[in-house]
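First residue of the sequence shown? That's 1073 in the numbering used here, and the numbers climb one at a time after it. We put the beta carbon where it would ideally sit given N, CA and C, even for glycine. Shown next, in structure tokens, is the structure this report addresses.
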Amino acid sequence: MSSCAPVVPEKTGPEAAPVRLAPRPRLPEWLKVPLPSSSTFTRTRLLLEDLKLHTVCESARCPNHWECWSRNTATFMIAGDRCTRACGFCAVDTAKPFALEADEPRRVAEATRRLGLKHVVVTAVARDDLADGGAEHFRKTIEAIRAENPGIVVEVLVPDFLDRDFAIDIVLDAAPDVFNHNLETVRRLTPSVRHRATYDRSLAVLAKARQRGRSGTHTKSGMMLGLGETDAEIRESMADLRGSKVDILTLGQYLQPTPKHLPVVDFVPPARFDEYARLGREMGFVHVASGPLVRSSYHADEFRAK
């Protein structure tokens, strides 16, 4: 059992000791990141505050947001900061969402212009409360970004839209350059990691994006390691993603955002990530980003379509 599993008192009743959460395990050296020293970090933060935009960098407590903001990059999170799902790994709040903000696509486009981005990543909370899962809001955001930033590369990281074809088509009709949907983990662990999603549904969404998308649209998916998956299961999932014709793969270390979330079972050393990168290229992925600090949109602009 992980050292960060909850400690439950033996007694019950009024005299019982309060429940304590054991401290999370110490991070290995390869996962420690320096705090920002660049003024660019502050400028990026102030810009996002000025335009009242959410980022997955903050909402999901990404360990790289210090670096990314210092590089003038951020992953915009549209459709609010309240998710209709409660995945065991994710720090985004689960609550009844507010109504969509009609001017949010324009604000994302303006932030993209002011940051001078060449490659922008847009994601969203799951909006199972909406008939289209928020697909039309993605479309409007893609179109607004392109109108304000000609020639920019647009990457979207979408929920599964409950595998509804019409919703997937709405996003694809806006012709994103990269259509990303994360598998997140191996088949065996999916029910505990994201119980409102399914492994096969995610594979189906990715396969449809390849089949129904325009020829210039690349598909992408990512997985977290360190939740208790085996080497054989990781390889099987990589093969399943290639079976769905996924082009781009990201693999990174899972980090427990709060004591209430799933514990880290093990810290995967950098050498193993390097091995999975080599294997992924052999399998036919056109681009593989694999490392402890890799996240789905981390250095996304390093991918160049051939």
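Same chain, Cβ closer than 8 Å to residue i, five either side skipped, listed in chain order
| i | result |
| --- | --- |
| Pro-1342 | Trp-1102, Gly-1363 and Pro-1364 |
Within-8 Å CB hit, residue i to chain D
| i | result |
| --- | --- |
| Ala-1247 | This model lacks chain D altogether, as it is built from one protein chain only. |
Distance between beta carbons of residue j and residue i, contact taken as under 8 Å
| i | j | result |
| --- | --- | --- |
| Gln-1325 | Leu-1351 | Their Cβ separation, rounded to whole angstroms, is 17 Å, which puts Gln-1325 and Leu-1351 out of contact at 8 Å. |
DSSP three-state assignment for residue i, whether helix, strand or coil
| i | result |
| --- | --- |
| Val-1360 | strand |
| Gly-1298 | coil |
| Leu-1365 | coil |
| Arg-1236 | coil |
| Cys-1251 | The sequence given here places Phe at residue 1251; Cys does not occur at that position. Phe-1251 falls in the strand class under three-state DSSP. |
| Ala-1283 | Looking at the sequence shown, residue 1283 is not Ala but Gln. Three-state result, Gln-1283: helix. |
| Glu-1173 | coil |
| Gly-1352 | helix |
| Leu-1120 | helix |
Spatial neighbours of residue i in its chain, beta-carbon cut-off 6 Å, leaving aside the 5 residues before and after
| i | result |
| --- | --- |
| Leu-1244 | Arg-1284 and Gly-1285 |
| Lys-1292 | Val-1250, Asn-1252 and Ile-1320 |
| Thr-1166 | Cys-1155 and Ala-1158 |
Minimum C-alpha distance to residue i - residue among the options
| i | options | result |
| --- | --- | --- |
| Ile-1150 | Gly-1315, Thr-1289, Lys-1212 and His-1290 | Lys-1212 |
| Ile-1217 | Ala-1207, Leu-1229 and His-1191 | His-1191 |
| Lys-1168 | Asp-1122, Thr-1195 and Arg-1154 | Arg-1154 |
| Val-1358 | Leu-1187, Arg-1314, Pro-1100 and Asp-1346 | Arg-1314 |
| Leu-1275 | His-1209, Asp-1249, Met-1310 and Asp-1122 | Met-1310 |
| Thr-1322 | Ser-1264, Thr-1156, Ala-1163 and Arg-1367 | Arg-1367 |
| Phe-1161 | Glu-1347, Phe-1345 and Pro-1331 | Pro-1331 |
| Leu-1120 | Val-1318, Leu-1187, Cys-1159 and Gly-1294 | Leu-1187 |
| Val-1265 | Leu-1099, Pro-1100 and Ala-1163 | Ala-1163 |
| Asp-1201 | Asp-1346, Ala-1247, Thr-1257 and Ala-1171 | Ala-1171 |
| Thr-1289 | Ala-1247, Glu-1182 and Arg-1115 | Ala-1247 |
| Ala-1349 | Arg-1282, Glu-1301, Ala-1174 and Met-1295 | Met-1295 |
| Pro-1255 | Ile-1240, Asp-1272 and Arg-1344 | Contrary to the premise, residue 1255 reads as Leu rather than Pro in this sequence. Taking only the C-alpha atoms, the option nearest Leu-1255 is Asp-1272. |
Which residues DSSP lists as bridging residue i, in chain order
| i | result |
| --- | --- |
| Val-1193 | Thr-1147 and Glu-1227 |
| Ile-1320 | Lys-1292 and His-1359 |
| Arg-1154 | Asp-1165 |
| Gln-1325 | Leu-1297 |
| Glu-1256 | Met-1295 |
Beta-carbon contacts of residue i that lie in its chain and below 7 Å, excluding the five residues immediately before and after
| i | result |
| --- | --- |
| Pro-1231 | Ala-1196, Ala-1198 and Gly-1205 |
| Ala-1132 | Annotation note: pLDDT 44 at Ala-1132 (below 50); position unreliable, no value reported. |
| Leu-1299 | Thr-1257, Leu-1261, Val-1265, Tyr-1326, Leu-1334 and Val-1337 |
| Arg-1268 | Arg-1157 |
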